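Quick notes on the structure that follows.
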Amino acid sequence: MCGIVAAVTQRNIINFLLKSIQKLEYRGYDSSGLALINSNNHLIRIRSVGKVNELIKKTKNKKLFGKIGVAHTRWATHGRVSKENTHPHVSSHITIVHNGIINNSLELRLFLEKKGYIFNSDTDTEVIVHLIHWEQKKTGKSLLEAVYNSLIKLNGNYSMVIMDTNNISKLIAVCSGSPLVIGLGSKENFIASDQIALLNVTKRFIYLKEGDIAIIKPEKIKIFNKKYLIVNRKIIHSNLKYEHSKKGKYKYYMEKEIYEQPMSIENTIKNYLKNNTSIYFKKLGKKEKNIFLHLEHIQIVACGTSYHAAMVSKYWFESLANIPCDVEVASEFSSRKLVVRKKSYFITLSQSGETADTLIALRIAKKLNYLGNLAISNMPNSSLVQESDTFLLTHAGIEIGVASTKSFTTQLIVLLMLVTKIISIKQKKNQIEKKIIKILTILPNTIKNFFEKNKEIKNIAKKLSNKKNMLFLGRGIQYPIAMEGALKVKEISYIHAEAYPSGELKHGPLALIDSNMPVIIIAPKNSLIEKTKKNIQEIDARGGVIYILSDEEINISKNIKILKMPYIDEIVAPIFYIIPLQLLAYYIALSKGTNIDQPRNLAKSVTVE
Ligand code: G6P
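Position 339 (the sequence shown) corresponds to 1657 in our numbering; numbering is contiguous.
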């Protein structure tokens, strides 16, 4: 949540700051701002409500110059969206950009007001910058010590970058509960919330660890850990390319990411195959093998789209592996007294690996009696990955659209491969493994061919784009797919969409059915289809507008529209059936003209509880 970029260099960095902060808009886009120290050692601060484009407009024709600077894109928490609340915040010679939440900000604000500080915003960030200023004024010590002494008084999670007009050769970065990465250049160094913002200037990165404070100069970096001891952190060479973060021929990132799925699925499968004949997780060693052999229960925790992927895997764990599996939304998991099942293994799922709710759930689980824990994430250096016993990556590539698509399908691939591996270990034979590898290998091509149907989906989308409500129905393993389909529509087109298990319709939602209520039914030909047909009849009899996704001819009524799906093996059907729903949501939003990659009020990486 919120994006931070900063640089200390020997050249003018205005274009770098603007370009890079735009790359972080996926983290929040309520307002944005930047601050530079110019050649006269004066602070230049420009802030704007709205997307980074508004900030760019404000900087045009201003001939801005600065070798050191900070920038920020905001997702509002403390204080409404306004110019006053937009970062950077300033206290005399100190400037700050901050990501996170300070829980005791009210108390500190009252204290600082008594000391004579005048507040210009409602943010908790302004509390931090005045506190640092007060600490330095009080002790007369260095800015670093003032920062350190202030941190002791803060309660919450934060990452921040501090700039001082009295010392224009360095920046101070603090990382606690929210990620910060240092990009290493030649006689210049950079800081950002995500390496994606720095790919156009470097390939070498240092990820700060929880509690780290770094002094960043153009030629030198010094990092202190939470005990205030100097530490060396590993330099990572990234193989991500700047081009990977571009839209290419597509109008929106979400469109690009939907159409990239055959490739990201294939990459993920290949990554975990050995000689194309067996599943091999390099990261999982003897310890995990032993856990898999003995585990009797799986607990999965996640949020949003990742939660839906976890829900699908519950059906796989139970129906294929015979292992009881519970799935819970992370914020709920950490909001109640927990009873840990016997021999239970804890799994978290998160595209970003930074979702605060999921991280907190992991921290709670680590104190409980689980056999161990595993994170499934798309981000190799994320907090979740670092804090977990072990991890598996989804290899989806950079995902920028706020509405998750390729992360979801690659999470499903990893989960299915994990279920399969556990079965092989428990049963000490690999027939199922061989069968599932075969099914998985043909999936990317089936999806690629299916994209030819996108015209049909576009036509349905046009008919649905003026609707106020929609219902999505699924049965069994397709119920979480209905949930994910409804979530996609809600997120990017703002149509109120709900998902129900098909069989639950008669227990309430049937009352909503009329000619204005489109009902999307996911009904692949399987052992449940006859039951679903009955539900379809019930809706048809009440004048509902029905769209069915199925590989079976369903001739119930002329009013029913069928999107004919090709045959797909039942096991991977959920991975396949989400594709038309993602496309449907995308084309509905396109018809409505919403900002698909940056839907209102949302952010891709939610680092606050
Ligand atoms: C946010 C995003 C969703 C995402 C959820 C979980 O709400 O807008 O698209 O599914 O976070 O994110 P994670 O990174 O933990 O998968």
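Ideal Cβ placement from N, Cα and C applies to all residues, glycine included. Computed from a predicted model, the values in this text were never measured in an experiment.
In its own chain, which residues sit with a C-beta less than 6 Å from the C-beta of residue i, not counting the 5 before and 5 after it?
| i | result |
| --- | --- |
| Y1797 | P1819 |
| I1554 | F1523 |
| K1505 | Q1328, P1536 and E1537 |
| L1591 | none |
Enumerate in chain order the residues of its own chain whose CB-to-CB distance from residue i is below 8 Å, with the five nearest sequence positions on each side excluded.
| i | result |
| --- | --- |
| L1734 | S1631, W1634, I1754, L1758, I1889, V1890 and I1893 |
| L1638 | V1737, T1738, I1741, I1750 and I1889 |
| T1274 | Residue 1274 cannot be examined here, being either before or after the span of the chain that is shown, 1319 to 1927. |
| P1898 | F1768, K1771, I1775, L1867, L1881 and M1883 |
| I1609 | Y1663, L1689 and G1690 |
| T1595 | K1752 and I1755 |
Kindly indicate which three-state DSSP category residue i falls into: helix, strand or coil?
| i | result |
| --- | --- |
| D1675 | helix |
| T1404 | coil |
| M1735 | helix |
| R1681 | helix |
| F1726 | helix |
| M1697 | coil |
| G1474 | strand |
| N1549 | In the sequence on display, residue 1549 carries Val and not Asn. Three-state result, V1549: strand. |
| D1482 | strand |
| I1831 | coil |
| N1417 | strand |
| T1850 | helix |
| R1345 | helix |
| M1629 | helix |
| F1769 | helix |
| P1819 | strand |
| L1901 | helix |
| R1365 | strand |
| Q1328 | coil |
| T1520 | coil |
| D1442 | helix |
| S1496 | coil |
| S1563 | helix |
Measure from the alpha carbon of residue i to the alpha carbon of each residue in the options, then state which is nearest.
| i | options | result |
| --- | --- | --- |
| K1780 | L1823, I1906, I1436 and S1811 | I1906 |
| S1511 | K1505, G1495 and S1504 | G1495 |
| I1813 | P1836, G1346 and D1442 | P1836 |
| T1676 | I1765, T1404, K1544 and E1927 | E1927 |
| A1799 | K1488, G1397, V1367 and T1623 | The question names Ala, but residue 1799 in the sequence shown is Ile. Comparing Cα-Cα distances from I1799 to each of K1488, G1397, V1367 and T1623, the minimum goes to T1623. |
| G1503 | Y1904, A1324, S1811 and T1850 | A1324 |
| D1832 | I1331, G1321, I1531 and K1786 | K1786 |
| H1612 | K1521, Q1745 and I1914 | Q1745 |
| K1766 | E1584, L1526 and G1501 | E1584 |
| N1359 | V1367, I1386, H1825 and I1339 | I1386 |
Under 7 Å Cβ to Cβ from residue i, same chain only, skipping five residues before and after it: list those, please.
| i | result |
| --- | --- |
| S1563 | K1341, I1514, L1517, I1716 and I1718 |
| V1647 | C1621 and Y1625 |
| R1918 | none |
| S1701 | P1497, G1671, E1672 and L1677 |
Report yes if the C-beta of residue i is less than 7 Å from at least one heavy atom of the ligand NAP; otherwise report no.
| i | result |
| --- | --- |
| R1363 | Annotation note on the ligand NAP: not contained in the displayed structure, which lists the ligand G6P as its ligands. |
Report yes if the CB atom of residue i is closer than 8 Å to the CB atom of residue j, and no otherwise.
| i | j | result |
| --- | --- | --- |
| M1478 | T1925 | no |
| K1337 | R1365 | no |
| I1872 | I1854 | yes |
| A1921 | G1474 | no |
| L1656 | L1692 | no |
| E1343 | T1395 | no |
| A1397 | S1439 | In the sequence as displayed, the identity of residue 1397 is Gly instead of Ala. Yes, the pair counts as a contact, with Cβ atoms nearer than the cut-off. |
| G1794 | L1846 | yes |
| S1410 | H1451 | yes |
| L1462 | I1533 | yes |
| S1652 | A1679 | yes |
| L1689 | K1724 | no |
| L1498 | I1322 | yes |
| H1615 | P1642 | yes |
| T1728 | T1586 | yes |
| A1714 | E1809 | no |
| F1383 | S1357 | yes |
| A1627 | F1726 | yes |
| I1874 | K1851 | yes |
| Y1525 | N1696 | no |
Query raised in the report: Are the region 1698 to 1714 and the region 1591 to 1607 touching, with three or more C-beta to C-beta distances below 8 Å?
Result: Yes: at least three Cβ pairs fall under 8 Å.
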